[in-house]
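Below: the structure, in structure tokens.
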Amino acid sequence: MTQARAFQLLLVAVVLFGGVWPITKHALSDSTPLWFGFWRAALAAVTTAAVMAALGRLRLPARRDWPAVLALGSLQIGAFFAFTHVAVGMIPSGRTAILSNVTIFWLVPLSVWLLGERVSPMRWVAAGVGLLGVAVMMGPWALDWSAPGVLAGHVWLLCASLAWSVTIIILRRRPPSVPLIELLPIAFLIGAAIVSAVAWVLEPRGGVGASSWWVVFLIGAVAAPIGTWAVSESTRHLNAVVSSLGLLLAPVVGVALATIWLHEPLGWDLLLGGALVVVSVILATRR
Numbered sequence: 024m025t026q027a028r029a030f031q032l033l034l035v036a037v038v039l040f041g042g043v044w045p046i047t048k049h050a051l052s053d054s055t056p057l058w059f060g061f062w063r064a065a066l067a068a069v070t071t072a073a074v075m076a077a078l079g080r081l082r083l084p085a086r087r088d089w090p091a092v093l094a095l096g097s098l099q100i101g102a103f104f105a106f107t108h109v110a111v112g113m114i115p116s117g118r119t120a121i122l123s124n125v126t127i128f129w130l131v132p133l134s135v136w137l138l139g140e141r142v143s144p145m146r147w148v149a150a151g152v153g154l155l156g157v158a159v160m161m162g163p164w165a166l167d168w169s170a171p172g173v174l175a176g177h178v179w180l181l182c183a184s185l186a187w188s189v190t191i192i193i194l195r196r197r198p199p200s201v202p203l204i205e206l207l208p209i210a211f212l213i214g215a216a217i218v219s220a221v222a223w224v225l226e227p228r229g230g231v232g233a234s235s236w237w238v239v240f241l242i243g244a245v246a247a248p249i250g251t252w253a254v255s256e257s258t259r260h261l262n263a264v265v266s267s268l269g270l271l272l273a274p275v276v277g278v279a280l281a282t283i284w285l286h287e288p289l290g291w292d293l294l295l296g297g298a299l300v301v302v303s304v305i306l307a308t309r310r
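Counting from 24, one number per residue, gives the positions in the sequence shown under our numbering.
This is the structure we're talking about:
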């Protein structure tokens, strides 16, 4: 896997994951968040299993690949889906797209500490510019932090980004012996089981409305399988700063689509913050 190829896969994931949150917010007008998250994970498990079966590659993971499977299933899919789908019902989808993808809070220090990764001065500057862009896009000065669910929603999203970051660390430290896509059916099945357990507790009367099923199929059959494979495969081959800042492009896409699809306001803070994120990615990817 070349660095250029890995970055191309990351951009595929950025487009898919950036577009997920605005249409998810739209779907939640007729669905409860956790049951929506369960069905998209369950459909992704069925879709990836069908594809692997058609290719003759559907099999149980080998013993050495279970750390990667459990990390993907329990953290990147189960915990991430649970945290983000609870949060998206509390705060605007644009903010959900921003904070859930801010792995740089966790991934860079964890990579330096646990993997001994060396970060160049230019990439530290890029990380600082990226975090500044996130702060501007979030616009914490404009939020009513005393409103119900606002603080909790932001905490859930930070937990989601932590779960994603830990998954990347595990995949880089214990890379699987087979192509990552072969592990996705079991990983999505584990994730769906976790989200369903949480949904039974927090949303016992919840479900997915008729008008939201097209979103479930679009995300579960396309965005979730392809995006999860692309982001997992790319981030384990890229530098931590490049991976983290690349993922910050997803909120830029998400905010743009939220503005167009949901008519959420687009102010100077989102424009300036998005520009800073783009600049940080350019700085991080320079040789």
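Here a beta-carbon is modelled for each residue, glycine too, at the ideal position from N, C-alpha and C. Keep in mind that this is a model prediction, so the values were computed, not measured.
- In terms of CA proximity to I100, A246 leads the group A246, G229, S303 and A263.
- Rounded to the nearest angstrom, the Cβ distance from V275 to G153 is 11 Å, too far for a contact under 8 Å.
- When DSSP assignments are scanned along the region 218 to 243, no uninterrupted stretch of beta strand (DSSP E) that is 3 or more residues long falls wholly within it.
- For V265, the closest alpha carbon among the candidates V35, H177 and R309 is that of R309.
- Per DSSP, T190 is one residue of the alpha helix (DSSP H) stretching across V173 to R196.
- For the 8 Å CB-CB criterion, W58 and G269 do not form a contact.
- The Cβ atoms of L212 and A68 sit closer than 8 Å to each other.
- DSSP places P199 in no alpha helix (DSSP H); its state is neither H nor E.
- Cβ neighbours of L280 within its own chain (closer than 6 Å, five residues either side excluded): G42 and P45.
- Nearest to L33 by C-alpha distance, out of L206, I305, A273 and L306, is A273.
- Assigned with DSSP and collapsed to three states, S143 falls in coil, not helix or strand.
- Cβ-Cβ distances below 6 Å link S257 to A29, L32 and L33 in the same chain, with the five nearest sequence neighbours on each side left out; the list follows chain order.
- Only buried fits M113, as 16 or more other CB atoms lie within 10 angstroms of its CB.
- Per the C-alpha coordinates, the member of P198, T107 and G151 positioned closest to W89 is P198.
- In this structure, the CA atom of L241 is about 21 Å from the CA atom of E205.
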